[in-house]
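K.L.:
To start, I am sharing the structure in question, which I have written as structure tokens.
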Amino acid sequence: MSAGDEGELTLTVRMRVSPEPEQQQAILDLMRRYRDALNYSVRTLIANRALSLGKAHRLLYNDLRERFGLPARAAQDCYREAIAIAKSWLRNPKRGKVPTAKGLSMWLVHGQGYRVKGDHVELAGGYRLRVIGWDRRYDSYPSREARLVFRDGEFTLYVFKRAPRPAKYAPKGVLAVDVNERQIVVGNSRVEARVETPVERALRYERLAERLQGKYSSTRYNAWLRRSGIRRRIRRFYRKARNIIEDWARRTAHTIISLARQGQLAVAREDLTGLVEGLRRLPKSHRTALIALGYRRLAFWLDWQAEKNGVPLFVVEPAGTSSTCPRCGAKLVEVGHRRLRCPRCGLEADRDTIAILNIERRTLSKMGGSLITPTAPQMTDVNPNRWGEPPHL
Ligand SMILES: [Zn+2]
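Heads up: the sequence shown begins at 27 in our numbering, then just goes up one per residue.
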């Protein structure tokens with residue numbers, strides 16, 4: 027991050043767009059030519075170690091215009107993107123094969139490569155796409171680069187913007203977030219709520235993909251079948267499973283951050299690095315992979331939504347959060363399935379409630395105890411406030 031960027035956030039606004047019917051084929055052709063031109067450019071730039079705009083222009087511009095038929099502006103955006111890809115590949119000490127773009131995706135510089143006019147997007151070369159829907163909250167911030175993507179029959183334009191980073195309020199308390207394999211627990215010494223993770227739902231799609239894979243890899247089916255249609259379906263099921271996790275993580279983070287903001291609370295989550303590492307050491311399975319993915323995405327969205335909404339966020343050390351007494355610090359003993367008791371002060375609670383109370387306590391002490399001193403939590407006061415599915419964004 028360069029100097030002066032500290033006060034800004036980079037946002038991506040997602041726009042669903044649709045070409046005029048008579049232009050759909052022309053736009054898809056353009057995107058295919060762009061992809062082929064990009065792959066050609068990356069290889070050429072790497073072979074010639076040409077990483078400046080001037081060198082790239084001399085080496086590629088005419089070819090991109092004539093051989094690949096790109097409009098002037100698209101040709102420039104193409105070698106710009108190729109320079110970025112070539113640079114990051116050359117910088118990577120463990121680089122493998124030269125990267126090849128497979129999907130249809132076009133990099134566009136604002137003002138020249140694309141322009142948003144009313145409810146239309148115009149691309150260089152006279153192509154027009156209708157905007158079907160977008161998040162209007164960031165309309166007042168200037169648009170920067172964008173990426174046009176075609177996937178699963180739909181066009182999406184991702185527009186990058188810079189927005190001022192909102193100031194954070196002084197928190198009146200803590201909202202702690204704890205995760206386990208089946209659910210996440212959100213709360214503090216006064217309230218508590220549990221949200222199921224969508225891992226089971228996502229797993230159904232993964233199992234379906236596996237069954238398809240097993241069935242059609244048999245030699246009874248010809249190579250064509252094994253390669254084309256079925257492969258696409260399998261990929262779609264895997265993507266569906268991942269989308270379920272992503273959607274859940276984003277919505278759950280949004281609900282937590284909104285609740286924190288309403289109550290002017292800080293959000294505290296555990297540092298998940300160790301937990302994700304631990305899962306990685308377990309025997310590889312789709313379940314653990316999905317759980318780890320869910321944790322990582324939830325942490326990502328919590329951090330990001332907190333920044334965007336000016337909510338203070340703390341990351342605490344997870345060691346001992348579910349084995350030491352949040353009231354007196356003694357080591358807890360197990361007294362039943364996921365239930366723990368303190369031999370010194372007699373506190374008894376569910377493992378996840380214990381974790382929430384410890385995360386809250388650690389965060390309060392991190393904040394320097396500037397808040398109200400938390401009274402010893404009374405377990406009978408804990409109000410299991412299930413909100414179920416978080417509301418739609
Ligand atoms: Zn105790």
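Backbone N, C-alpha and C define an ideal beta-carbon position, used for all residues, glycine too.
Every value quoted in this text rests on a predicted model; they were computed, and no experiment measured them.
Near ligand 1, which residues have their beta-carbon closer than 6 Å to a heavy atom?
P.N.:
For ligand 1, the selected residues are C351, R353, C354, A356, C368, R370, C371 and L373.
K.L.:
Specify the secondary structure class of Y231 as computed by DSSP and reduced to three states.
P.N.:
Of the three classes helix, strand and coil, the one that applies to Y231 here is helix, per DSSP.
K.L.:
Kindly indicate which residue of K120, W115 and A100 has the alpha-carbon position closest to the one of G137.
P.N.:
With distances taken between Cα atoms, G137 lies closest to A100.
K.L.:
In three-state DSSP terms, what is P190?
P.N.:
The answer is strand: DSSP assigns P190 an E or B state.
K.L.:
When you compare each of K198, P168, V142 and S44 to V337 by their alpha carbons, which one comes out closest?
P.N.:
Of the listed residues, the one whose Cα sits closest to V337 is K198.
K.L.:
According to DSSP, G199 sits in a beta bridge with which residue or residues?
P.N.:
L291.
K.L.:
Taking the C-alpha atoms as reference points, what is the distance between H363 and W330?
P.N.:
Their Cα atoms are separated by approximately 35 Å.
K.L.:
Given P224, which residues of its chain have a CB within under 7 Å of its CB, disregarding the five upstream and five downstream residues?
P.N.:
Here the set comprises I270, I271 and W274.
K.L.:
Give the secondary structure of R121 by DSSP, where H, G and I count as helix, E and B as strand, and everything else as coil.
P.N.:
R121: coil per DSSP, three-state reduction.
K.L.:
In the DSSP assignment, what residue or residues form a beta bridge with I210?
P.N.:
Answer by DSSP bridge pairing, in chain order: V205 and V221.
K.L.:
Across which residues does DSSP place D376 in a beta bridge pair?
P.N.:
DSSP lists R365 as partners of D376.
K.L.:
Is A108 near ligand 3, going by C-beta to nearest heavy atom under 7 Å?
P.N.:
As presented, the structure is devoid of ligand 3, carrying ligand 1 as its sole ligands.
K.L.:
Using 10 angstroms around the beta-carbon of I158, count the other beta-carbons present and answer buried if the total reaches 16, otherwise exposed.
P.N.:
Under this definition I158 is an exposed residue.
K.L.:
Under three-state DSSP, which class holds G159?
P.N.:
G159 falls in the strand class under three-state DSSP.
K.L.:
Would you say the stretch 309–322 touches the stretch 220–239, given that touching needs at least three Cβ pairs under 8 Å?
P.N.:
Touching, per the Cβ criterion.
K.L.:
Roughly how many angstroms lie between the CA atoms of M41 and E34, to the nearest whole one?
P.N.:
Rounded to the nearest angstrom, the two C-alpha atoms are 22 Å apart.
K.L.:
What are the residues that DSSP puts in a beta bridge with T38?
P.N.:
DSSP, once it has assigned bridges, lists F186 as partnering T38.
K.L.:
Quick check on the burial criterion: 16 or more other C-beta atoms within 10 angstroms. Buried or exposed for C368?
P.N.:
Buried: at least 16 other Cβ atoms inside 10 Å.
K.L.:
Kindly indicate the opening and closing residues of the beta strand (DSSP E) around L339.
P.N.:
That run of the beta strand (DSSP E) goes L339 to V342.
K.L.:
So H312 is in the alpha helix (DSSP H); what residue range does that whole segment cover?
P.N.:
H312 to N335 is the extent of the alpha helix (DSSP H) around H312.
K.L.:
Exposed or buried, which one is T36 when buried takes at least 16 other CB atoms within 10 Å?
P.N.:
The residue in question, T36, is exposed, as its Cβ has fewer than 16 Cβ neighbours within 10 Å.
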